[in-house]
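In my numbering, the protein residues as written are 1 to 238.
Structure, rendered in structure tokens:
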């Protein structure tokens with residue numbers, strides 16, 4: 001096991017569930033664990049125990065083996081350190097029901113990134129700064145540390161954070177604070193890239209304007225995004 005993987009696993013062991021800790025420690029001691037061993041240890045839902053480990057960002061490799069009664073079961077070993085997903089540190093968090101209400105009262109039923117109005121069920125609570133960097137996993141749930149995101153924006157943020165050099169190497173909370181994904185209204189970078197981003201949703205009668213942009217972009221053989229950029233350049237260059 002590489003030092004990077006060992007260090008990350010030790011951090012996870014401080015915050016993970018007991019069933020995740022069992023799986024992790026068994027692999028550390030024996031090199032692998034299988035679903036039969038998990039079940040025999042009293043964890044009826046072995047897949048959930050393994051899921052707890054993966055939900056904390058620890059890479060696991062799965063292969064099929066035969067059980068003691070010749071059934072096909074899964075065996076798990078640690079993956080490569082390069083596959084660690086530090087943005088998942090802390091696992092799935094059960095937020096208090098009052099937190100979402102406070103965020104809705106503050107922001108409305110609106111995705112903080114796309115600014116799209118959505119039903120409450122379509123909005124997810126998301127931490128502005130990954131727990132692995134903020135170190136606030138055991139703190140009270142301060143609404144100022146969280147935002148509401150649509151499911152698609154949450155997936156996009158998760159992927160971008162996962163690739164970010166800050167989460168891999170620097171762990172600087174101030175870099176996160178000035179990132180688009182933490183502060184879309186006031187940011188200097190997007191996951192440490194010199195970049196600016198606007199998510200625009202066309203709805204209702206405005207859809208017709210979007211269709212015109214697409215139609216024109218096809219005619220001049222460019223993308224809608226590039227056409228919109230050109231329109232903005234023409235406005236401010238003159």
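C-beta atoms are modelled at their ideal positions from N, C-alpha and C, and glycine is treated no differently.
Separation of the CB atoms of residue 117 and residue 109 is rounded to 6 Å, and the pair is thereby assigned contact status at 8 Å. Sixteen is the threshold: when 16 or more other Cβ atoms of the shown chains lie within 10 Å of the Cβ of residue 35, as they do, the residue is buried. If you look at residue 215, you'll find it in the alpha helix (DSSP H) that goes 207-219. Between residue 65 and residue 75, the C-beta gap is smaller than 8 Å, which places the two residues in contact. Beta-bridge annotation (DSSP): residue 190 is paired with 193. The C-alpha of residue 122 lies about 9 Å from the C-alpha of residue 111. Distance from the CA atom of residue 126 to the CA atom of residue 58, rounded to whole angstroms, is 20 Å. If the five residues before and after residue 53 are omitted, its C-beta is found closer than 7 Å to the C-beta atoms of 20, 23, 24, 60, all from its own chain and listed in chain order. Along the segment 109-177, the alpha helix (DSSP H) occurs as fully enclosed runs of 4 or more residues at 131-134, 151-163, 173-177, listed in sequence order. Per DSSP, the beta bridge partners of residue 66 are 72. About 34 Å separates the Cβ atoms of residue 12 and residue 70, ruling out a contact at the 8 Å cut-off.
Taking a contact as a CB-CB distance under 8 Å, the pair residue 197 and residue 190 counts as one, their CB atoms being some 6 Å apart. Linking residue 153 to residue 199 through their CA atoms gives a straight-line distance of about 10 Å. In the structure shown, the three-state DSSP call for residue 40 is helix.
Taking residue 84 as reference, the option from 230, 41, 38, 132 with the minimal CA-CA separation is 132.
The beta carbon of residue 43 sits closer than 6 Å to the beta carbons of 19, 49 from its chain, once the five residues preceding and following it are set aside; these are given in chain order.
For residue 90, there is no enclosing alpha helix (DSSP H), as DSSP marks it with neither H nor E. By the criterion of at least three beta-carbon pairs nearer than 8 Å, the segment 158-167 is in contact with the segment 177-193. Under a 10 Å Cβ-count criterion, residue 98 is classified as exposed, with fewer than 16 other Cβ atoms of the shown protein chains found around its own Cβ.
Assignment of residue 34 by DSSP, reduced to helix, strand and coil, places it in the strand class. Within its own chain, the residues whose Cβ lies closer than 7 Å to the Cβ of residue 95, once the five positions on either side in sequence are excluded, are 125, 141, listed in chain order. Cβ neighbours of residue 184 within its own chain (closer than 7 Å, five residues either side excluded): 112, 113. When secondary structure is reduced to three states using DSSP, residue 61 falls in the strand class.
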